[in-house]
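Working notes, beginning with the structure itself.
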Amino acid sequence: MKVSRQVTDGQLAASELVLTENGAVYHLNLHPDQIASNIIVVGDQGRVEKVSKYFDHVDHRVTNREFVTHTGRIGTMPVSAMSTGIGTDNIDIVLNELDALLNIDLQNRTILPEHTSLNIVRLGTSGALQPDLGVDQFLLSTHGLGLDQVLNYYQCEFEEEEMELRNAFLGHANWPQDMGSPYVAAAGKNLFERIDGPEMNHGITATACGFYGPQGRMLRIPTRLPRLNEQLSSFAHRGYRITNFEMETSALYGLGGMLGHQTATVCTIIANRMRMEFSRDYHAAVDRMIRVVLERLTSGY
Numbered sequence: 000m001k002v003s004r005q006v007t008d009g010q011l012a013a014s015e016l017v018l019t020e021n022g023a024v025y026h027l028n029l030h031p032d033q034i035a036s037n038i039i040v041v042g043d044q045g046r047v048e049k050v051s052k053y054f055d056h057v058d059h060r061v062t063n064r065e066f067v068t069h070t071g072r073i074g075t076m077p078v079s080a081m082s083t084g085i086g087t088d089n090i091d092i093v094l095n096e097l098d099a100l101l102n103i104d105l106q107n108r109t110i111l112p113e114h115t116s117l118n119i120v121r122l123g124t125s126g127a128l129q130p131d132l133g134v135d136q137f138l139l140s141t142h143g144l145g146l147d148q149v150l151n152y153y154q155c156e157f158e159e160e161e162m163e164l165r166n167a168f169l170g171h172a173n174w175p176q177d178m179g180s181p182y183v184a185a186a187g188k189n190l191f192e193r194i195d196g197p198e199m200n201h202g203i204t205a206t207a208c209g210f211y212g213p214q215g216r217m218l219r220i221p222t223r224l225p226r227l228n229e230q231l232s233s234f235a236h237r238g239y240r241i242t243n244f245e246m247e248t249s250a251l252y253g254l255g256g257m258l259g260h261q262t263a264t265v266c267t268i269i270a271n272r273m274r275m276e277f278s279r280d281y282h283a284a285v286d287r288m289i290r291v292v293l294e295r296l297t298s299g300y
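First residue of the sequence shown: 0, per numbering that gives the first Met the number 0; consecutive thereafter.
Structure (structure tokens):
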């Protein structure tokens, strides 16, 4: 994803950059000094504590709605852990407000002349779409396949490989035109390489806008795409395949790229949709994932 052009050199309207009465960004309720440039994001509020317990010190604890933030240090490195809640709609809020904290003068409502780049790693859980991916394994996403539409509301300039993968998927899946156009967004190259290791599987992560029908599950309502999982799992192009399903990565990668930030997603596979398996103790695997990623993120700082 190519970095977006700057929208304006003037003052941002109060209706566009929404702040609280005390000058914090509206949803996260944070001030610039309460966030680090290295950030772990998780969906579940309860998982923030499971990350920050490995900090040497926690300086800030801020909670507003589903957004919980702990900011502290590991050694000398400032680091934050934050919950985003579920879905790409929340990722849209989180990415824009995190960027505003460090790249907009909130008091004067003007874009700062010097850009600050963030490292944002999402740690999640996911269901595998490939039979060879066992439960409790880790998956580092090369790309997000967005079935969610969030990026279609922005002026995006995709990289050549992203467009190639998108077009290959559209042709493979014979995607219905009236369901909106999927997109593909790549991980931040530098952060991906920093987090990668021998225990990491790689693949494209399909990002859905819901948990049931949008991921091919049928309870009492038939789905429009009864073969969705098969269409995803059978896709292959230039060595890439779609490996797992979740609900955040495509927007994280797309918005992060446009805003000039490094982003990566690591998921613990807790279910295999092809083999109908579910982890017996995914909490232990998630804890191991947290420790591995924190070690990689802070190594050499």
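Note that the Cβ used here is the ideal one computed from N, Cα and C, for glycine as well.
Assuming residue i contacts residue j (C-beta within less than 8 Å), just tell me the rounded distance between them.
{"i": "Arg274", "j": "Pro130", "result": "6 Å"}
{"i": "Ile203", "j": "His142", "result": "5 Å"}
{"i": "Thr264", "j": "Arg121", "result": "4 Å"}
{"i": "Leu111", "j": "Asp104", "result": "6 Å"}
{"i": "Leu132", "j": "Ala205", "result": "The Cβ separation is near 13 Å, so there is no contact."}
{"i": "Gly123", "j": "Cys208", "result": "Contact doesn't hold; Cβ gap of about 16 Å is too wide."}
{"i": "Leu227", "j": "Ile241", "result": "In fact, because the Cβ distance is near 11 Å, the residues do not count as touching under 8 Å."}
{"i": "Ile289", "j": "Tyr53", "result": "7 Å"}
{"i": "Leu190", "j": "Ile90", "result": "Contact flag wrong, Cβ pair sits at about 16 Å."}
Reducing DSSP to helix, strand and coil, say where residue i ends up.
{"i": "Gln154", "result": "coil"}
{"i": "Ile289", "result": "helix"}
{"i": "Thr115", "result": "coil"}
{"i": "Pro77", "result": "strand"}
{"i": "Ala301", "result": "Nothing can be reported for residue 301, as the shown portion of the chain is limited to 0 through 300."}
{"i": "Gln33", "result": "helix"}
{"i": "Val47", "result": "helix"}
{"i": "Phe210", "result": "coil"}
{"i": "Leu322", "result": "No answer is possible for residue 322: the residues shown for the chain start at 0 and end at 300."}
{"i": "Ile194", "result": "helix"}
{"i": "Ala12", "result": "coil"}
{"i": "Asn107", "result": "coil"}
{"i": "Asn189", "result": "helix"}
{"i": "Val17", "result": "coil"}
{"i": "Met217", "result": "coil"}
Near residue i, what residues of its chain come up, given a Cβ to Cβ distance below 7 Å and the 5 sequence neighbours on each side ignored?
{"i": "Arg165", "result": "Pro181, Tyr182, Val183"}
{"i": "Gln136", "result": "Asn200, Ile268"}
{"i": "Val61", "result": "Asn28, Leu29, Gln33, Thr68"}
I'd like the span of the alpha helix (DSSP H) that includes residue i, first residue to last.
{"i": "Tyr304", "result": "Beyond the ends of the chain as shown, which are 0 and 300, falls residue 304; an answer cannot be given."}
{"i": "Arg237", "result": "Segment: none, Arg237 is in no alpha helix (DSSP H) and carries neither H nor E."}
{"i": "Asp88", "result": "87-102"}
{"i": "Ser232", "result": "227-232"}
For residue i, I'd like the list of residues in its chain whose CB is within less than 6 Å of its CB, leaving aside the five on either flank, ordered along the chain.
{"i": "Gly84", "result": "Glu65"}
{"i": "Ala270", "result": "Gly126, Phe277"}
{"i": "Met0", "result": "Ala184, Gly253, Gly256, Met257"}
{"i": "Asn107", "result": "none"}
{"i": "Ile73", "result": "Phe54, Asp55, Thr297"}
{"i": "Ala172", "result": "Gln230"}
{"i": "Gly71", "result": "Phe54, His56, Val57, Asp58"}
Given residue i, which residues of its chain have a CB within under 8 Å of its CB, disregarding the five upstream and five downstream residues?
{"i": "Ala36", "result": "Looking at the sequence shown, residue 36 is not Ala but Ser. Answer for Ser36: Pro77, Leu101, Thr115, Ser116, Leu117, Asn118, listed in chain order."}
{"i": "Ile38", "result": "Val78, Ser79, Ala80, Met81, Leu97, Leu117, Asn118, Ile119, Val120"}
{"i": "Val2", "result": "Gly256, Met257, Leu258, Gly259"}
Between which two residues does the beta strand (DSSP E) carrying residue i extend?
{"i": "Asn37", "result": "37-41"}
{"i": "Phe54", "result": "Here Phe54 belongs to no beta strand (DSSP E), and DSSP marks it neither H nor E."}
{"i": "Gln261", "result": "261-271"}
{"i": "Tyr182", "result": "182-185"}
{"i": "Gly143", "result": "137-145"}
Compute every distance between the C-beta of residue i and the non-hydrogen atoms of the ligand SAH, then say whether any falls below 7 Å.
{"i": "Thr68", "result": "With respect to the ligand SAH, the structure shown offers nothing to examine, as it has no ligands at all."}
- With contact counted as at least three CB pairs below 8 Å, one residue from each stretch, are the region 142-151 and the region 275-282 in contact? no
- Message: For the structure I just gave you, are there three or more beta carbon pairs, one from the region 174-181 and one from the region 237-248, closer than 8 Å?
- Response: no
- Answer yes if the region 43-61 comes into contact with the region 10-19, meaning at least three C-beta pairs across the two stretches below 8 Å, and no otherwise. no
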